[in-house]
Amino acid sequence: MLPLWLRVLRRCLQHVPRRVACRQASQGAKADRAGWEGNVQNIVKWRQLEHRGPYFTPAYEPLPDSVHFFYDGKPVKLSLAAEEVATLYGKMLHLECTTKEVFRRNFFSDWRKEMTAEERELITRLDKCDFAEIHKHFVERAEARRSLPKEQKQKLKEEAEKLQQEFGYCILDGHREKIGNFKMEPPGLFRGRGEHPKMGVLKRRVRPEDVIINCGRDSKIPEPPAGHQWKEVRSDNTVTWLAAWMENIQNTFKYVMLNPSSKLKGEMDWHKYEVARRLRRVVDKIRAQYRADWESPETKKRQLAVALYFIDKLALRTGNEKEEGETADTVGCCSLRVEHVRLHEKADGQEHIVELVFLGKDSIRYNNRVTVEKLVFQNLQHFMEDKDPGDNLFDALSTASLNKHLQDSMEGLTAKVFRTYNASVTLQEQLRALTRAEDSLTSKISAYNRANRAVAILCNHRRAIPKTFEKSMQKLQEKIEIKEAQVTEAQAELERAKADLRTHGESKSKSLLQKQQRLLKLEGQLARLRAKATDKEENKQVALGTAKLNYLDPRISIAWCKRFGVPIEKIYSKTQRERFAWAFDRAGEDFEF
DNA sequence: CGCATCACTTAGGAGTTGTTAA
DNA sequence: TTAACAACTCCTAAGTGATGCG
1 MLPLWLRVLR RCLQHVPRRV ACRQASQGAK ADRAGWEGNV QNIVKWRQLE
51 HRGPYFTPAY EPLPDSVHFF YDGKPVKLSL AAEEVATLYG KMLHLECTTK
101 EVFRRNFFSD WRKEMTAEER ELITRLDKCD FAEIHKHFVE RAEARRSLPK
151 EQKQKLKEEA EKLQQEFGYC ILDGHREKIG NFKMEPPGLF RGRGEHPKMG
201 VLKRRVRPED VIINCGRDSK IPEPPAGHQW KEVRSDNTVT WLAAWMENIQ
251 NTFKYVMLNP SSKLKGEMDW HKYEVARRLR RVVDKIRAQY RADWESPETK
301 KRQLAVALYF IDKLALRTGN EKEEGETADT VGCCSLRVEH VRLHEKADGQ
351 EHIVELVFLG KDSIRYNNRV TVEKLVFQNL QHFMEDKDPG DNLFDALSTA
401 SLNKHLQDSM EGLTAKVFRT YNASVTLQEQ LRALTRAEDS LTSKISAYNR
451 ANRAVAILCN HRRAIPKTFE KSMQKLQEKI EIKEAQVTEA QAELERAKAD
501 LRTHGESKSK SLLQKQQRLL KLEGQLARLR AKATDKEENK QVALGTAKLN
551 YLDPRISIAW CKRFGVPIEK IYSKTQRERF AWAFDRAGED FEF
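Letter 33 of the first sequence, counting from 1, is numbered 33 in the numbering used here, and no numbers are missing.
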């Protein structure tokens, strides 16, 4: 609980917004913009907020009697609580995580806590448990849902829509806005990424008694489900969340927040890109400074200068400290350890090569070799001297001091802004280099995807190679071969027709024209297939979506579409267009990031 | 100052839906 | 009409960084 004086202070602040709003409204458009920019991480986020509260997962539905769980080969009827947890595991049987020792251990330990004394007595080994029927049951249920007749499917769709209408919207400052995650997370087994020590831990069902509601003081308080109460109802307009609860895995808060299409999120997104655009004005100075600092007599300063160089050049994440043993062992720039860096005086005919290999966010592997300036190389050698592999490379540096330093160069500048900045700049440059006005629509879109991919590679946005990749690639190759044969065939036919024309005169000229058109069409198809194959190959481990959604100023893409007559739907899906609604009237065809 | 807490953005995979070609 | 595949949405984990606190 907050101390009383702070609560009083917050309450007082809640009356500030009206005054802020009045001041904004009374000054022209320019002042209004500046006002927003200054305001975004400011205190007040809304004046009115009304919603229905989150939608709670329906109660557990017991298995039909025909579905059995077996222990040591014998069917065992489990208590409701134990059965529910068993189904969580059974549902996941096809996933790789259920084969991992840590997952199994954590699951089994938590499952046993839900068992009755007798069950606990009986069920002592996971490897004697047989969930196959449970798994089959859920697979069949999913299958049945998929093959439901049309009307039934329609009905389900309507029900989902009704739920969305009822719980999925809120009123924020007079506007009806979509909520992002209005459905509570159902209970489940925790699936961390990578080697997470808590994988398999039971994620508890969240009750209304765990949930804090945040809404306007004058608005209707959402009704908790019958027979339940909220943990707390508060009215804090300095935050954007509608509801919050503590999750039991890491004991951190989770929030119900607005959908990205909302005005509030849009303004925040816009603000993010405006900060990144301001970096453009000072980036040369910052670069000159960190290069100069490579020669500083102070170790701390040199470490900061090299770290910042990595963040700028390689688009590394900041690398905050993490609680050891509570999460997977991943690092970012500031938390790099000696073991993640290899230095090569000479390699591949180049000098001063730095090789970085580490697991980053989501345990995604970062693996890169870059040529660096001599001073960087020497500094790194020095930072690594007399250290163990497990020691921090930048031992004199913290993310806080790095960001503090950046704040001095530019207001609002933090390490992550460099990723946004470099990503957007790269997109803009690549688009400029790769697009030709006279190209076909297909090749323009392909150019866009190339530019997008360049950014994704810079940011190391990877994905697992799709399971069916090899197969579908092979199929595509076969198609290309068939098409090639068709093209050759069509060419030959055309030649024959031409020869015919020369020997027999005018009579077959119509079919000649047809044959020319057919060849042209086939060649076009072949070119498209080949382009598709190239794209597919180059994209197999690259995730384009993350950069598009989070790093690329949508105004760059919108301007590009306008300039080259590309329909925006070719670039952004419906949801993405809604998310970037803020950008459409802020980007003319000559917009420059 | 250094650690903890909180609120927000960023992230990849799973699952669903839509499209296309057979 | 259907199956295969690609595209997209949903889900929620995992980061960042501001602020609070001892």
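By construction, the Cβ of each residue, glycine as well, lies at the ideal position given by its N, Cα and C atoms.
Since the structure is predicted, the reported quantities are computational estimates derived from the model, not experimental observations.
Three-state secondary structure (DSSP) of residue i
i	result
V8	For V8, the pLDDT reaches just 36, beneath the cut-off of 50, and the residue's location in the model is therefore unreliable, although a value from the coordinates is still provided. In the structure shown, V8 sits in a helix (DSSP, three-state: H, G or I).
G188	strand
K203	strand
D130	strand
R217	coil
G588	coil
L258	strand
C97	helix
E295	coil
L359	strand
K467	coil
K322	coil
Y309	helix
H271	helix
L314	coil
V85	helix
P208	helix
T238	coil
T575	helix
Assumed close pair residue i, residue j - CB separation to whole angstroms, cut-off 8 Å
i	j	result
V455	Y551	6 Å
K203	I249	6 Å
T318	A423	Between A423 and T318 the Cβ distance is about 15 Å, and since that is not below 8 Å, they are no contact.
H352	T371	6 Å
E604	V206	Summary: the structure shown does not reach residue 604, with the chain confined to residues 1 through 593, and so no result is reported for it.
L78	P187	Going by Cβ atoms, the distance from L78 to P187 rounds to 16 Å, so no, they are not a contact pair.
E177	L258	6 Å
K231	E209	6 Å
I221	I213	7 Å
A276	Y421	4 Å
I286	S401	Actually they are not in contact, since the Cβ atoms of I286 and S401 sit about 16 Å apart, beyond 8 Å.
L406	K300	L406 to K300, Cβ: 15 Å. No contact.
Euclidean distance between Cα positions of residue i and residue j
i	j	result
W560	H344	41 Å
H196	L148	38 Å
A451	H228	52 Å
K498	L512	7 Å
F358	G390	12 Å
Q517	I568	30 Å
L476	A531	11 Å
K562	G588	8 Å
V341	Q303	14 Å
N460	H137	39 Å
A328	G565	46 Å
E339	L356	9 Å
S235	F56	22 Å
P62	K153	24 Å
L519	L279	52 Å
Q576	K263	14 Å
R457	L316	As written in the sequence, residue 457 is Ile, which differs from the Arg given in the question. Answer to the nearest angstrom: the Cα atoms are 12 Å apart.
E385	E298	16 Å
D312	R419	7 Å
E96	R125	20 Å
L544	Y273	19 Å
A142	K91	11 Å
R595	G412	Only positions 1 to 593 of the chain appear in this structure, which leaves residue 595 out of reach.
Identified DSSP bridge partners for residue i
i	result
M246	F253
V542	R462
V354	L343, V370
R563	Answer by DSSP bridge pairing: none, since R563 is not bridged.
F70	P75, D130
N233	At residue 233 the sequence reads Val, which differs from the Asn that was named. Paired residues: I213.
E50	I171
E177	C170
R337	N392
R365	L359
K183	Y55
Check: residue i C-beta below 8 Å from any heavy atom of the ligand NAP
i	result
E267	For the structure depicted, the ligand NAP is absent and the ligand set is empty, with no information on it obtainable.
Every unbroken alpha helix (DSSP H) inside the segment 469-540 [4 residues or more] = 469-504, 509-539
Entirely enclosed alpha helix (DSSP H) segments - the segment 380-414, minimum 4 residues = Qualifying alpha helix (DSSP H) stretches, in chain order: 399-409.
Give, in chain order, every unbroken run of the alpha helix (DSSP H) that is at least 4 residues long and sits entirely within the segment 101-162.
-> 101-114, 117-122, 132-146
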